[in-house]
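Asks:
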Amino acid sequence: SGSLHRVTVDLAENGMAVKTGSSKLPSSFQVRFALPQDDSQIECRAELAWEGNQVQGIRFRDVPAETSENLKLWIGRQLMGNDAEEPPVTCKLTDLSLGACYLQTESPFPVRTRLQLMMRVRRLELQIEGIVRVMHPGSGMGVEFTQGTSSQQTRVQGFIQTLVNNTGAIPDLQVRPDTIDNSAPALSAEPITVHDDPLLSLFLTGADLSADQFQAELRKQRGVEEEEEVLTV
Numbered sequence: 001s002g003s004l005h006r007v008t009v010d011l012a013e014n015g016m017a018v019k020t021g022s023s024k025l026p027s028s029f030q031v032r033f034a035l036p037q038d039d040s041q042i043e044c045r046a047e048l049a050w051e052g053n054q055v056q057g058i059r060f061r062d063v064p065a066e067t068s069e070n071l072k073l074w075i076g077r078q079l080m081g082n083d084a085e086e087p088p089v090t091c092k093l094t095d096l097s098l099g100a101c102y103l104q105t106e107s108p109f110p111v112r113t114r115l116q117l118m119m120r121v122r123r124l125e126l127q128i129e130g131i132v133r134v135m136h137p138g139s140g141m142g143v144e145f146t147q148g149t150s151s152q153q154t155r156v157q158g159f160i161q162t163l164v165n166n167t168g169a170i171p172d173l174q175v176r177p178d179t180i181d182n183s184a185p186a187l188s189a190e191p192i193t194v195h196d197d198p199l200l201s202l203f204l205t206g207a208d209l210s211a212d213q214f215q216a217e218l219r220k221q222r223g224v225e226e227e228e229e230v231l232t233v
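In terms of this note's numbering, the sequence shown opens at residue 1 and continues consecutively.
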């Protein structure tokens, strides 16, 4: 017996995903963790649910009712803020492509959170739905656009072109969280809509990178933005 310390990359009411590197978790074990900005300690039995690329999924078992309720309330606060009527979260748009965007914010939402985004520059507005694909605490999040219609892509392309034509313009962007999506497409590492999108590909393949490593990859993309059709804002 002994203790193993792991980095959490995702948390839900019924389980979590953790970075494991090359090591493996046993099939059944006890798990204990503290919730950020909360006095609650969560402790329960757990079991290995799935394995991915240096990431493993943990399913909680026999969670005490009070513990389950604390966890549910905490996740709800992360999604909606302390008050569901609070204004939308304001983020800074740093990277934009036809299929995705990266948002700089101190309070990013959990992976798989569905979002309603409203972007505005000059007189042009773009309302779009997305899902969080990668999240860096205290830093930002990568969002994949989920409605891959040709009309949406045309509107995104028009928004990108407006930003290009208005050098120095800072787009206004507001974000409203919806819910965490546990459907198969949301859990998949395959793009929902746009393929051959370098920014989106980074979100889907770079989840195991540290925040600094991820930002370094973003900077590499910005160096070839014209060729790769990734816009730096």
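Don't be surprised by glycine CBs; every beta carbon is placed ideally from N, CA and C. Note that this is a predicted model, so its numbers are computed, not measured.
Exposed or buried, which one is R114 when buried takes at least 16 other CB atoms within 10 Å?
Replies: Buried.
Asks: Taking 8 Å as the cut-off, does the segment 112–131 touch the segment 141–159 (at least 3 CB pairs, one atom from each stretch)?
Replies: Yes, they touch.
Asks: So what does DSSP say about P177, is it helix, strand or coil?
Replies: DSSP places P177 in strand when its eight states are reduced to three.
Asks: At 3 residues or longer, what runs of the beta strand (DSSP E) sit wholly inside the segment 94–124?
Replies: Entirely contained in the segment 94–124, the beta strand (DSSP E) runs reaching 3 residues are, in chain order, 100–104, 113–121.
Asks: Can you check whether the CB of S28 is closer than 9 Å to the CB of T67?
Replies: No, the Cβ-Cβ distance between T67 and S28 is not below 9 Å.
Asks: For N82 and E13, what's the separation of their Cα atoms in angstroms?
Replies: Its pLDDT being 49, under 50, N82 is placed unreliably by the model, and the measurement read from it follows with that caveat. Looking at the two C-alpha atoms, the distance is approximately 18 Å.
Asks: By the three-class DSSP mapping on this structure, what secondary structure does I58 have?
Replies: Strand.
Asks: Let's test the definition: count the other Cβ atoms within 10 Å of the Cβ of G76 and tell me whether it reaches 16, buried, or not, exposed.
Replies: Under this definition G76 is an exposed residue.
Asks: Quick one: what's G130 bridged to in DSSP?
Replies: For G130, which the question treats as bridged, DSSP gives the partners L115, F145.
Asks: From the DSSP output, read off the bridge partner residues of V7.
Replies: In the DSSP output, where bridge partners are listed per residue, V7 has K19.
Asks: Counting Cβ pairs, one atom from each stretch, are 3 or more of them under 8 Å apart for the segment 52–59 and the segment 126–139?
Replies: Contact fails: fewer than three Cβ-Cβ distances are below 8 Å.
Asks: Going by C-alpha to C-alpha distance, which of P177, F109, G99 sits closest to S151?
Replies: Of the candidates P177, F109, G99, the one whose C-alpha sits nearest the C-alpha of S151 is G99.
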